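Using the numbering used here, the letters of the sequence shown correspond one by one to residues 7 to 217.
Ideal placement from N, C-alpha and C gives every residue a C-beta, glycine not left out.
Just so it is clear, the structure is predicted and the values come from calculations on it, not from any experiment.
Right, one structure below, let's go through it.
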Amino acid sequence: MADGKRMLSILYKIAEKIEEQKDYLTELDQPIGDSDHGINLARGFGEVEKKLPSLEGKDMGTILKTVGMTLVSTVGGASGPLYGSAFMKMGMALAGKMEIGTDEFLTGMDAAVEAVKMRGKADVEEATMLDAMVPALDAMRKKAVEGAEARAVLEAGCEASWKGAEHTKDLIATKGRASYVGERGLGHQDPGATSFSFMLEVVKDALCPVS
Ligand code: ADP
Ligand code: MG
7 MADGKRMLSI LYKIAEKIEE QKDYLTELDQ PIGDSDHGIN LARGFGEVEK
57 KLPSLEGKDM GTILKTVGMT LVSTVGGASG PLYGSAFMKM GMALAGKMEI
107 GTDEFLTGMD AAVEAVKMRG KADVEEATML DAMVPALDAM RKKAVEGAEA
157 RAVLEAGCEA SWKGAEHTKD LIATKGRASY VGERGLGHQD PGATSFSFML
207 EVVKDALCPV S
């Protein structure tokens, strides 16, 4: 599925995607938050991008832990520690690996989900990034168990992730800033669930480049 080189290229592309979607993610954060999600993540991934050249030849653990630590230290707002822990825990789960397949990717994703749950003291149906992450992981596991290839696994994950992000419109947030607006948050899509979906989409596209 990916070696270190491909992982670094995926991370460059995530940084690019976040920059491209910065205004949209920030707009989503306006009615339910403080209009900074895109700005926060773009700052963090901008710093990540600067570190990538120094990570050439390193194992997955080192790469992902460095991404996580960079996000924690450069992203203001809740999403910094949350995505930061997610990448760090994913890195710990994949420490020493120079290459990963679908199974390892799912192990890493599982660690990421657990990290967000623990750090955010949150679970699904609270209108957070977990409403995209958890269904995405479930869908990917299901496909993998059926013996599907990485590309099909990621496609199922992306579909479930976007569906989960869409579903946050029907939920009243009980965690983070969005919980302050209560029912007024209904009808609005969670920015974190959306940014996660964009990231997973980048991973999927990296596995099946359009020629
Ligand atoms: P802030 O809310 O501090 O301004 P951001 O705007 O960057 O930070 O990120 C907001 C996103 O973080 C939300 O859309 C949501 O997905 C996620 N989030 C906030 N609090 C939690 C939490 N306790 N658990 C999980 N995710 C959360
Ligand atoms: Mg915000």
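Counted within 10 angstroms of its Cβ, other Cβ atoms place Val216 as buried (16 or more) or exposed
Note that Val216 scores 49 on pLDDT, short of 50, meaning its location in the model is unreliable; the coordinates nonetheless yield the value given after this. With fewer than 16 other Cβ atoms within 10 Å, it is exposed.
C-beta contact flag for Thr134 and Asp40 at 8 Å
If you check the CB distance, Thr134 and Asp40 do not come in under 8 Å.
Can you tell me whether Pro59 is buried or exposed? The criterion is at least 16 other CB atoms within 10 Å of its CB, across all chains shown.
exposed
Give the secondary structure of Glu25 by DSSP, where H, G and I count as helix, E and B as strand, and everything else as coil.
helix
Leaving out five residues on either side along the sequence, give the residues of the same chain with a beta carbon under 6 Å from the beta carbon of Phe204.
Excluding residues within five positions, the ones whose Cβ falls inside 6 Å are Lys23, Gln27.
Does the beta carbon of Asp109 fall short of 7 Å from some heavy atom of ligand 1?
no
Among the residues of its own chain, which have a CB less than 7 Å from the CB of Ser85, if the five just before and after it don't count?
His43, Asn46, Leu47, Gly198
From Leu61 to Glu33, what does the alpha carbon distance come to, in whole angstroms?
33 Å
Enclosing alpha helix (DSSP H) for Val159 [first to last residue]
156–173
How many Å lie between Leu177 and Val130 at the Cα?
The alpha-carbon atoms of Leu177 and Val130 are separated by roughly 10 Å.
Helix, strand or coil for Ile178 per DSSP?
coil
Closer than 6 Å is what we want: which residues have a beta carbon that near any heavy atom of ligand 2? List them in chain order.
Asp35, Gly39, Asp40, Asp42, His43, Gly83, Arg183
Would you kindly work out how many angstroms separate the C-alpha atoms of Gly67 and Glu189, rounded to a whole number?
Roughly 41 Å separates the two Cα atoms.
Taking Gly114 as the reference, give the member of Glu105, Leu100, Lys56, Gln36 with the closest Cα.
Leu100
What would DSSP say about Glu62, mapped onto helix, strand or coil?
coil
Other residues of its chain near Thr72: CB distance less than 7 Å, five sequence neighbours each side excluded:
Lys57, Leu61
Is Ala118 helix, strand or coil by DSSP?
DSSP, read as helix, strand or coil, puts Ala118 in helix.
Exposed unless 16 or more other CB atoms sit within 10 angstroms - verdict on Asp137:
So Asp137 counts as buried.
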